[in-house]
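Novice:
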């Protein structure tokens, strides 16, 4: 899977998203301008010691992203979408794009992607969810649809054993 952040502004959100991407073997694509430097301590704190394992790619703008990823199937996560993220069938190599915290994905981009715009249902009184939470919600649905390919599905206790039933 691939996550695209279009002009993210808050380093802690990007750090959390980076950690989630490492945990799920997901590529993180960052479209500039960024509201921070990638070496800021807030990113490293949120991403912890996982950041060095992250496959992160940067682009000057959305046009450069499209040039370097021709044919990419991109789902646009936006509160302006007609359908829910659960109504689409994600493929293992798809891209899910999220906009900056203060404004979302620009409408100039969204108008060309109406069929692949998706939303997270929520009550009308709230403008949006936190960016890192939104990425986790949609990414894990996409991974679920692909049977969590390659991911660890069982855990073990450290010091005790599960009771046999």
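Numbering (our numbering), first residue to last: 12 to 176. Where is the CB? At the ideal position from N, CA and C, for every residue including glycine.
1. Under the three-state reduction of DSSP, which class applies to residue 109: helix, strand or coil?
2. Would the beta-carbon of residue 105 fall within 9 angstroms of that of residue 131?
3. Give the secondary structure of residue 23 by DSSP, where H, G and I count as helix, E and B as strand, and everything else as coil.
4. Note down, in chain order, each residue of its chain lying with its Cβ closer than 6 angstroms to the Cβ of residue 110, except the 5 sequence neighbours on either side.
5. Compare the Cα-Cα distances from residue 39 to each of 74, 107, 87, 102 and report the closest residue.
6. By how many angstroms is the C-alpha of residue 146 removed from the C-alpha of residue 24?
7. Taking residue 86 as part of the beta strand (DSSP E), name the residues at either end of that continuous run.
8. Please name the residue in 112, 175, 161 whose C-alpha comes closest to that of residue 47.
9. DSSP three-state call for residue 91: helix, strand or coil?
10. Which one of 36, 42, 161, 22 has the shortest CA to CA distance from residue 120?
11. Is residue 143 buried or exposed, if buried means 16 or more other CB atoms sit within 10 Å of its CB?
12. Closest to residue 136 by CA distance: which of 65, 50, 90 is it?
13. Near residue 94, what residues of its chain come up, given a Cβ to Cβ distance below 8 angstroms and the 5 sequence neighbours on each side ignored?
Specialist: Straight from the coordinates:
1. The count along the chain shown starts at 1 and reaches residue 109 at position 98. In the structure shown, residue 109 sits in a strand (DSSP, three-state: E or B).
2. As a first step, residue 105 is located in the chain shown; it is residue number 94 there, counting from the start. As a first step, residue 131 is located in the chain shown; it is residue number 120 there, counting from the start. Result no, Cβ atoms of residue 105 and residue 131 do not sit closer than 9 angstroms.
3. As a working mapping, residue 23 is identified with position 12 in the chain shown. Of the three classes helix, strand and coil, the one that applies to residue 23 here is helix, per DSSP.
4. Indexing the chain shown from 1 puts residue 110 at position 99. Once the five neighbours on either side are set aside, the close Cβ partners of residue 110 are 17, 116.
5. Within the chain shown, the letter at position 28 stands for residue 39. Residue 107 is the option with its Cα nearest to residue 39.
6. Residue mapping note: residue 24 aligns to position 13 of the chain shown, counting from 1. Residue mapping note: residue 146 aligns to position 135 of the chain shown, counting from 1. Approximately 10 angstroms between the Cα atoms of the pair.
7. Indexing the chain shown from 1 puts residue 86 at position 75. From DSSP, the beta strand (DSSP E) with residue 86 extends over 85–88.
8. Translated into positions along the chain shown, residue 47 becomes position 36. The shortest CA-to-CA distance from residue 47 to any of 112, 175, 161 is the one to 112.
9. As a first step, residue 91 is located in the chain shown; it is residue number 80 there, counting from the start. Coil.
10. Within the chain shown, numbered from 1, the residue matching residue 120 stands at position 109. Minimum Cα distance to residue 120 is reached at 42.
11. Taking the chain shown and counting its residues from 1, one reaches residue 143 at position 132. Buried, since its Cβ has 16 or more Cβ neighbours within 10 Å.
12. Position 125 of the chain shown, counting from 1, holds the residue named residue 136. Comparing Cα positions, the closest option is 90.
13. Position 83 of the chain shown, counted from the first residue, corresponds to residue 94. Cβ within range, chain order: 128, 129, 130.
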